[in-house]
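Below is one structure; the comments refer to it alone.
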Amino acid sequence: VGAVALVRGLRQVSDFDAEFRMAFANRKLAPEFETVFFMTSEEYALISSSMVRDAHRWDGDVSKFVPPPVVAALEEKGVPARS
């Protein structure tokens, strides 16, 4: 692949704990990779994949939270909306 870094996003302080531990594990498994963290912008800080999935299942409009390709993927494969 030619990658030299693993890029991870942090939404909240609580994300850092798990990501920090994962970065150390990844360093043991693949020392040639560096883990880089980016903080999200405020508008996305409270959005999680679980929240988007659940909102979609209950016929919620998730287009406010994710880009159109994600909405299409939810509709096309794997996450049925509530009937």
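With the sequence shown counted from 1, adding 1152 to any position gets you the numbering used here. The C-beta atom is built at its ideal place from N, Cα and C for all residues, glycine as well.
Query raised in the report: Which residue from Arg1173, Glu1184, Arg1179 puts its Cα closest to that of valine 1153?
Result: The closest CA to that of valine 1153, considering only Arg1173, Glu1184, Arg1179, is found on Glu1184.
Requested in this report: Run the CB neighbour count on phenylalanine 1172, radius 10 Å, all protein chains shown included, and call it buried at 16 or more, exposed below.
Outcome: Flag for phenylalanine 1172 reads exposed.
Requested in this report: State the beta-bridge partners of methionine 1191 as determined by DSSP.
Outcome: The secondary-structure analysis by DSSP pairs methionine 1191 across a beta bridge with Leu1162.
Query raised in the report: What are the partner residues of alanine 1157, as DSSP defines its beta bridges?
Result: Note: alanine 1157 sits in a beta bridge opposite Glu1186.
Report task. Consult DSSP for valine 1223 and reduce its assignment to one of helix, strand or coil. Result -> Valine 1223 carries a helical assignment under DSSP once its states are collapsed to helix, strand and coil.
Query raised in the report: When we look at the beta-carbon of phenylalanine 1190 and count the other beta-carbons within 10 Å, is it buried (16 or more) or exposed?
Result: By the neighbour-count criterion, in which a residue is buried when 16 or more other Cβ atoms sit within 10 angstroms of its Cβ, phenylalanine 1190 is exposed.
Report task. Counting only the same chain and skipping the five closest in sequence on each side, list residues whose C-beta sits under 7 Å from that of alanine 1197. Result -> Only Arg1163, Gln1164 meet the Cβ criterion.
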